[in-house]
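Structure, as structure tokens:
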Amino acid sequence: QDLLKWYGWGYQDSKFQLVNEKATFTGDRYLIGGKHLPHLLDFAKEKFDLDLTQPPKIPALPTTFPPSILPESQRKELESIADVSTEGLDRLMRSHGQTLHEVSNLRNGTMPRIPDAVVWPENHDQVEQIVRCASTHKLVIIPFGGGTSVSGSISCPERETRAIVALDTSAMNSILWLDKEQLLARVQAGIVGQDLEREMRTRGFTVGHEPDSYEFSTLGGWVATRASGMKKNTYGNIEDLVVQTKVAVVRYGSLVFPDWEAGVRFEREVARERLQPSSIRLLDNEQFRFGHALKTEQSWGGVLLDGLKRLYITKIKRFDPERLCVVTLLMEGSVEQVADRESQLNKIAACFGGVPGGATNGEVGYTLTFTSVPWERTLALCRNTKRRLRDECRARNISHYLISCRLTQTYDAGCCIYFYFGFNSQGLADPVREYELIEEAARDEIIASGGSISHHHGVGKLRKKWYTQAVSELGRRLLVAAKTTLDPDNIFALNNMVLEQPGPGEGAAGVARSKL
1 QDLLKWYGWG YQDSKFQLVN EKATFTGDRY LIGGKHLPHL LDFAKEKFDL
51 DLTQPPKIPA LPTTFPPSIL PESQRKELES IADVSTEGLD RLMRSHGQTL
101 HEVSNLRNGT MPRIPDAVVW PENHDQVEQI VRCASTHKLV IIPFGGGTSV
151 SGSISCPERE TRAIVALDTS AMNSILWLDK EQLLARVQAG IVGQDLEREM
201 RTRGFTVGHE PDSYEFSTLG GWVATRASGM KKNTYGNIED LVVQTKVAVV
251 RYGSLVFPDW EAGVRFEREV ARERLQPSSI RLLDNEQFRF GHALKTEQSW
301 GGVLLDGLKR LYITKIKRFD PERLCVVTLL MEGSVEQVAD RESQLNKIAA
351 CFGGVPGGAT NGEVGYTLTF TSVPWERTLA LCRNTKRRLR DECRARNISH
401 YLISCRLTQT YDAGCCIYFY FGFNSQGLAD PVREYELIEE AARDEIIASG
451 GSISHHHGVG KLRKKWYTQA VSELGRRLLV AAKTTLDPDN IFALNNMVLE
501 QPGPGEGAAG VARSKL
């Protein structure tokens with residue numbers, strides 16, 4: 001908690017700043033840390049009309065918090081089970097995920113509701129005791145892992161009148177056992193991704209699940225949201241994953257294509273041939289240029305778009321720098337396996353006009369950073385959604401914005417697409433509300449174009465509007481029936497997906513009814 005920003009994503013020591021009128025990134029946790037970023041100022045001015053010489057306002061740490069409504073007797077009962085805190089900052093830090101709305105509320109001191117207490121169980125037995133206590137006293141429990149949710153899943157229901165307890169799993173962070181013969185491990189739900197991977201590697205193994213949030217997100221959060229990591233093609237999504245042996249070689253690569261359409265055709269052919277490397281991502285031109293803006297003086301733009309490589313790509317291959325796109329690759333396996341896969345991918349890329357872009361570009365491409373859609377609708381969905389976003393900006397007189405997309409996880413039947421969107425909000429009376437309206441319009445367009453409401457971040461509160469449309473009224477009723485049966489007193493009252501249950505169920509008082 002002490003290492004993280006209380007008002008948004010990331011570590012306190014990691015941020016952009018100006019030093020002698022030059023943009024740099026502080027800290028040493030990331031590849032760009034401590035290095036000059038000569039293109040960032042120009043990019044920010046071009047896309048967002050931002051003057052980065054004016055430092056952003058960092059909000060002051062709050063000194064007052066809503067009082068806890070947890071009765072003293074119930075707090076003491078919880079304390080007999082595990083560590084408990086009713087301190088304001090502890091409660092605030094576990095009241096939110098990382099949606100724009102939540103971060104805006106944090107920065108403006110307008111969080112509508114925070115938990116009344118935080119409890120830190122250390123094992124499964126303590127969790128069961130906490131749930132029994134909550135069921136007896138009609139408390140609400142909100143499980144909390146790394147706080148990285150981008151679907152509003154862990155925000156406190158504003159209308160909830162019962163006391164809310166955040167069940168923080170961070171003390172449940174151990175590998176309980178590892179069976180090296182069966183390749184099975186039992187791991188507590190609160191372990192953070194990077195800690196789990198580090199501990200497994202000391203034992204000669206890897207989990208292989210690396211979502212972009214894995215330095216903060218937890219194993220329990222991955223399971224709850226059916227998470228997907230960048231190495232899905234080798235290790236599977238979390239529902240497929242148990243444990244894998246340590247690989248001998250990790251190699252990055254990249255390919256440059258003349259345009260987005262050629263890149264999509266390449267990725268579809270790779271999926272059809274079942275030749276996906278551990279990770280493969282297609283970045284559109286806007287995202288490539290954003291990565292170029294974040295390059296250091298010895299970084300990937302210098303390799304790809306400077307000197308002889310630039311001459312070859314733009315003059316000989318006649319690629320338009322305003323249209324080209326980049327595929328980043330991560331390959332794992334034996335030396336022979338990696339070399340063979342790289343050769344096969346290069347041959348397929350050549351059939352679609354692609355050329356190798358170098359290992360450095362592939363590696364740095366993974367320092368940046370969604371809907372799923374059938375292959376035949378991929379190009380239309382990207383085109384329609386970008387157009388809808390531009391139309392929505394124009395309708396609101398927003399003139400400086402960035403719209404880009406990235407094609408990531410691939411399957412036989414389709415792929416997962418991330419959209420990136422931001423705009424200069426100066427002059428808007430309520431920029432957060434305008435953003436939410438634009439995002440809602442974009443998701444309407446995604447659904448209309450054949451996309452899904454989520455690939456692996458879950459539905460939460462942010463996407464619940466479209467849930468019934470996606471699964472049918474019968475599917476919605478099945479979900480409600482399952483929740484009512486497993487949690488009749490509505491202890492886990494997060495009100496996600498289609499559920500709106502502000503109060504307890506009809507279970508008899510004093511009886512532990514919840515089975516979750």
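Per full-length UniProt numbering, numbering through the sequence shown is continuous, rising by one, with the last residue being 516.
The beta carbon of each residue, even a glycine, is placed where N, CA and C say it ideally should be.
Find out if the Cβ-Cβ distance for the pair residue i, residue j is shorter than 9 Å.
i: Val119; j: Ala163; result: no
i: Lys317; j: Gly357; result: no
i: Pro55; j: Gly88; result: no
i: Gln287; j: Tyr420; result: yes
i: Asp2; j: Arg94; result: no
i: Leu255; j: Val326; result: yes
i: Ala117; j: Ala166; result: yes
i: Ser151; j: Arg433; result: no
i: Leu402; j: Lys35; result: no
i: Ile446; j: Ala134; result: no
i: Leu106; j: Pro59; result: yes
i: Thr328; j: Ile280; result: yes
i: Val103; j: Tyr30; result: no
i: Asp284; j: Ser404; result: yes
i: Ala470; j: Ser452; result: yes
i: Ser149; j: Gly460; result: yes
i: Trp466; j: Cys382; result: no
i: Asp320; j: Pro258; result: yes
i: Pro277; j: Arg341; result: yes
i: Pro71; j: Arg91; result: no
Between residue i and residue j, how many whole angstroms is the CB-CB distance? I'm expecting something under 8 Å.
i: Ile417; j: Leu407; result: 6 Å
i: Leu330; j: Tyr252; result: 6 Å
i: Ser213; j: Gly146; result: 7 Å
i: His400; j: Asn384; result: Not confirmed; about 22 Å, so no contact.
So who's on the other strand from residue i, going by DSSP bridges?
i: Ile403; result: Phe421
i: Val270; result: Paired residue(s): none; Val270 is not in a bridge.
i: Val150; result: Answer is none; Val150 lacks a bridge partner.
i: Pro157; result: In the DSSP output, where bridge partners are listed per residue, Pro157 has none listed.
i: Thr410; result: Cys415
i: Met200; result: According to DSSP, which records beta bridges pairwise, Met200 is partnered with nothing at all.
i: Ser254; result: Thr328
i: Ala481; result: According to DSSP, Ala481 bridges with nothing at all.
Skipping 5 residues on each side, what residues in its chain have a beta carbon closer than 7 Å to that of residue i?
i: Leu52; result: Leu18, Ala23, Leu41, Ala44
i: Asn346; result: Pro356
i: Gly307; result: Unreliable positioning characterises Gly307 in this predicted model, as indicated by a pLDDT of 47, which lies under 50. The coordinate reading is nonetheless provided below. If we look at Gly307 and ignore the five residues flanking it on each side, it has no Cβ neighbours.
i: Ala493; result: Val140, Pro157, Glu160, Gln501
i: Arg75; result: Val84, Thr86, Ala117
i: Glu122; result: Ala82, Ala171, Met172
i: Arg377; result: Ser449, Gly450
Ordered along the chain, which non-local residues of its own chain (more than five positions away) have a Cβ less than 6 Å from that of residue i?
i: Gln298; result: Interpretation of Gln298 is limited by its pLDDT of 49, a score under 50 that renders its predicted location unreliable; the figure taken from the coordinates is listed afterwards. Nothing listed; no residue qualifies.
i: Pro15; result: The sequence given here places Lys at residue 15; Pro does not occur at that position. Excluding residues within five positions, the ones whose Cβ falls inside 6 Å are Thr26.
i: Gly302; result: In this prediction, Gly302 has a pLDDT of 45, which is less than 50 and means its spatial position is unreliable; what the coordinates show is noted afterwards. Here the set comprises nothing.
i: Arg113; result: Cys156, Glu158
i: Glu392; result: Ile438, Ala441
i: Leu282; result: Gly263, Glu267, Val327, Leu407
i: Glu215; result: Gln194
i: Asn495; result: Pro157
Leaving aside the five residues before and after residue i along the sequence, list all residues of the same chain whose C-beta is less than 8 Å from its C-beta, in chain order.
i: residue 559; result: Shown here, the chain extends from 1 to 516; a query on residue 559 therefore has no answer.
i: Ser174; result: Val187, Gln188, Ile191
i: Gly109; result: Pro59, Pro62
i: Val270; result: Gln276, Ile280, Leu345, Ile348, Thr410
Would you say residue i faces chain D, with C-beta separation under 9 Å as the test?
i: Asp28; result: Included in the structure is just one protein chain, with no chain D present.
> In the stretch 4-71, which residue ranges form an unbroken alpha helix (DSSP H) of at least 4 residues, counting only runs that do not cross its ends?
Replying inline: Correct list: 40-48.
> What are the start and end residues of each continuous alpha helix (DSSP H) run of 4 or more residues lying completely inside the stretch 71-153, in chain order?
Replying inline: Runs of the alpha helix (DSSP H) inside the stretch 71-153: 72-79, 88-93, 100-108, 124-137.
> For the stretch 167-196, which segments carrying the beta strand (DSSP E) assignment without a break, of at least 3 residues, lie completely within its bounds, in sequence order?
Replying inline: Runs found: 175-179, 184-187.
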